[in-house]
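A short write-up of the structure that comes next.
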Amino acid sequence: HAVSFFCMFFSLTVVVIDFNFLYRYWAVSNPHLIKLFSTIWFVIMLFCITAVEGAAWYSTGLFLLEATPEARMFIAEALYQKYGIDSRKQSMLIADYWRDGHYNIKPVVGICYYSTVLSAGFSFMIFCGLGIVRNLAKASQNMSAKTKKLQYALFRIL
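So in full-length UniProt numbering, the last spot in the sequence shown is 158, and the numbers never skip.
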(Lines of atoms letter the chains of each structure in order from A and count residues from 1; the text may use other names and numbers.)
(Lines give C-alpha, C1' and ligand atoms only; values in the text may rest on other atoms or scores of the structure.)
Protein backbone atom coordinates (compact mmCIF):
# COMPACT_ATOMS: atom_id res chain seq x y z
CA HIS A 1 0.00 0.00 0.00
CA ALA A 2 2.83 2.41 0.83
CA VAL A 3 4.32 2.28 -2.66
CA SER A 4 0.90 2.87 -4.23
CA PHE A 5 0.47 5.94 -1.99
CA PHE A 6 3.88 7.22 -3.08
CA CYS A 7 2.91 6.79 -6.74
CA MET A 8 -0.41 8.50 -6.09
CA PHE A 9 1.29 11.56 -4.62
CA PHE A 10 3.73 11.65 -7.54
CA SER A 11 0.79 11.82 -9.96
CA LEU A 12 -0.88 14.51 -7.88
CA THR A 13 2.24 16.64 -8.23
CA VAL A 14 1.94 16.43 -12.01
CA VAL A 15 -1.77 17.36 -11.86
CA VAL A 16 -1.15 20.38 -9.62
CA ILE A 17 1.69 21.57 -11.86
CA ASP A 18 -0.68 21.24 -14.83
CA PHE A 19 -3.15 23.51 -13.01
CA ASN A 20 -0.35 26.04 -12.51
CA PHE A 21 0.45 25.94 -16.22
CA LEU A 22 -3.25 26.43 -17.01
CA TYR A 23 -3.38 29.47 -14.73
CA ARG A 24 -0.26 31.02 -16.30
CA TYR A 25 -1.53 30.24 -19.81
CA TRP A 26 -4.87 31.89 -19.13
CA ALA A 27 -3.11 34.85 -17.49
CA VAL A 28 -1.37 35.74 -20.75
CA SER A 29 -3.85 34.48 -23.36
CA ASN A 30 -7.33 34.83 -21.79
CA PRO A 31 -7.05 36.97 -18.64
CA HIS A 32 -10.83 37.04 -18.19
CA LEU A 33 -10.76 33.28 -17.44
CA ILE A 34 -8.52 33.77 -14.38
CA LYS A 35 -11.59 34.67 -12.33
CA LEU A 36 -12.72 31.03 -12.67
CA PHE A 37 -10.00 30.08 -10.18
CA SER A 38 -11.89 32.20 -7.62
CA THR A 39 -15.25 30.48 -8.11
CA ILE A 40 -16.22 27.67 -5.78
CA TRP A 41 -17.52 25.38 -8.51
CA PHE A 42 -14.26 25.61 -10.48
CA VAL A 43 -12.17 24.93 -7.38
CA ILE A 44 -14.42 21.95 -6.59
CA MET A 45 -13.99 20.71 -10.17
CA LEU A 46 -10.18 20.98 -9.87
CA PHE A 47 -10.33 19.16 -6.54
CA CYS A 48 -12.48 16.40 -8.06
CA ILE A 49 -10.08 16.01 -10.99
CA THR A 50 -7.20 15.74 -8.54
CA ALA A 51 -9.05 13.26 -6.30
CA VAL A 52 -10.13 11.04 -9.20
CA GLU A 53 -6.62 11.04 -10.66
CA GLY A 54 -5.08 10.21 -7.29
CA ALA A 55 -7.58 7.40 -6.64
CA ALA A 56 -7.07 5.98 -10.12
CA TRP A 57 -3.28 6.10 -9.78
CA TYR A 58 -3.41 4.46 -6.34
CA SER A 59 -5.82 1.77 -7.55
CA THR A 60 -3.68 1.04 -10.59
CA GLY A 61 -0.66 0.43 -8.40
CA LEU A 62 -2.61 -1.60 -5.88
CA PHE A 63 -4.59 -3.83 -8.25
CA LEU A 64 -2.73 -3.93 -11.56
CA LEU A 65 0.91 -3.80 -10.49
CA GLU A 66 0.72 -5.87 -7.34
CA ALA A 67 3.78 -7.92 -6.50
CA THR A 68 2.63 -11.52 -6.93
CA PRO A 69 4.42 -14.29 -5.03
CA GLU A 70 5.74 -15.69 -8.33
CA ALA A 71 7.20 -12.33 -9.35
CA ARG A 72 8.71 -11.82 -5.90
CA MET A 73 10.42 -15.21 -6.08
CA PHE A 74 11.64 -14.51 -9.61
CA ILE A 75 13.53 -11.38 -8.54
CA ALA A 76 14.45 -12.52 -5.01
CA GLU A 77 18.02 -13.63 -5.63
CA ALA A 78 19.06 -10.71 -7.86
CA LEU A 79 17.42 -8.13 -5.57
CA TYR A 80 19.10 -9.60 -2.50
CA GLN A 81 22.54 -9.84 -4.13
CA LYS A 82 22.48 -6.32 -5.54
CA TYR A 83 20.64 -4.40 -2.77
CA GLY A 84 20.43 -6.75 0.21
CA ILE A 85 16.61 -6.60 0.13
CA ASP A 86 14.31 -9.56 0.67
CA SER A 87 11.62 -9.24 -2.00
CA ARG A 88 9.19 -11.34 0.05
CA LYS A 89 9.16 -8.77 2.88
CA GLN A 90 9.61 -5.48 0.99
CA SER A 91 6.64 -3.40 -0.14
CA MET A 92 6.88 -3.06 -3.92
CA LEU A 93 5.08 -2.83 -7.21
CA ILE A 94 6.17 -5.19 -9.94
CA ALA A 95 5.22 -4.67 -13.57
CA ASP A 96 5.62 -8.35 -14.41
CA TYR A 97 4.19 -7.93 -17.90
CA TRP A 98 5.89 -10.94 -19.55
CA ARG A 99 6.00 -14.39 -17.97
CA ASP A 100 6.01 -17.93 -19.33
CA GLY A 101 5.99 -16.79 -22.94
CA HIS A 102 2.93 -14.54 -22.80
CA TYR A 103 1.85 -11.09 -21.72
CA ASN A 104 0.17 -10.59 -18.36
CA ILE A 105 -2.67 -8.20 -19.13
CA LYS A 106 -2.95 -6.52 -15.71
CA PRO A 107 0.58 -5.08 -15.62
CA VAL A 108 0.37 -4.11 -19.30
CA VAL A 109 -2.82 -2.13 -18.63
CA GLY A 110 -1.20 -0.54 -15.55
CA ILE A 111 1.91 0.51 -17.46
CA CYS A 112 -0.22 1.87 -20.31
CA TYR A 113 -2.35 3.86 -17.88
CA TYR A 114 0.64 5.36 -16.07
CA SER A 115 2.34 6.16 -19.41
CA THR A 116 -0.80 7.75 -20.83
CA VAL A 117 -1.40 9.96 -17.81
CA LEU A 118 2.22 11.11 -17.63
CA SER A 119 2.35 11.74 -21.39
CA ALA A 120 -0.88 13.74 -21.27
CA GLY A 121 0.33 15.75 -18.27
CA PHE A 122 3.69 16.62 -19.78
CA SER A 123 2.12 17.30 -23.19
CA PHE A 124 -0.27 19.75 -21.52
CA MET A 125 2.68 21.48 -19.84
CA ILE A 126 4.49 21.76 -23.19
CA PHE A 127 1.35 23.05 -24.93
CA CYS A 128 0.76 25.69 -22.26
CA GLY A 129 4.45 26.60 -22.08
CA LEU A 130 4.66 27.19 -25.82
CA GLY A 131 1.40 29.13 -25.69
CA ILE A 132 2.71 31.31 -22.88
CA VAL A 133 5.92 32.11 -24.74
CA ARG A 134 4.02 32.78 -27.99
CA ASN A 135 1.47 35.04 -26.29
CA LEU A 136 4.13 36.95 -24.38
CA ALA A 137 6.12 37.50 -27.58
CA LYS A 138 3.16 39.08 -29.36
CA ALA A 139 1.67 40.89 -26.35
CA SER A 140 3.80 44.02 -26.63
CA GLN A 141 0.89 46.31 -27.50
CA ASN A 142 -1.53 44.90 -24.88
CA MET A 143 0.85 44.47 -21.96
CA SER A 144 3.17 46.87 -20.19
CA ALA A 145 6.88 46.09 -20.06
CA LYS A 146 6.70 45.47 -16.29
CA THR A 147 3.76 43.07 -16.64
CA LYS A 148 5.51 41.23 -19.47
CA LYS A 149 8.70 40.95 -17.40
CA LEU A 150 6.68 39.64 -14.44
CA GLN A 151 4.91 37.06 -16.63
CA TYR A 152 8.25 35.84 -18.01
CA ALA A 153 9.61 35.54 -14.46
CA LEU A 154 6.54 33.60 -13.32
CA PHE A 155 6.83 31.34 -16.35
CA ARG A 156 10.48 30.57 -15.57
CA ILE A 157 9.45 29.58 -12.03
CA LEU A 158 7.15 26.92 -13.47
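Glycine is no exception: its CB is placed at the ideal position from the N, C-alpha and C atoms.
Source: prediction; values computed, not measured.
One thing to note: residue 87 has its Cβ no nearer than 7 Å to the Cβ of residue 93.
Between the segment 113–121 and the segment 48–67 there are three or more inter-stretch CB-CB distances shorter than 8 Å, so the stretches are counted as touching. In the three-state reduction of the DSSP assignment, residue 23 falls in the helix class, which pools H, G and I. The residue among 21, 77 and 83 with its C-alpha nearest the C-alpha of residue 126 is 21. Rounded to the nearest whole angstrom, the CA to CA distance from residue 150 to residue 65 is 44 Å. For residue 73, the enclosing alpha helix (DSSP H) starts and ends at 69–83. Take residue 75, set aside five residues on each side of it, and the residues of its chain with a beta-carbon closer than 8 Å to its own are 87 and 94, in chain order. Put simply, the backbone Cα of residue 51 is about 23 Å away from that of residue 107.
Under the three-state reduction of DSSP, residue 88 is assigned to coil, being neither helix nor strand.
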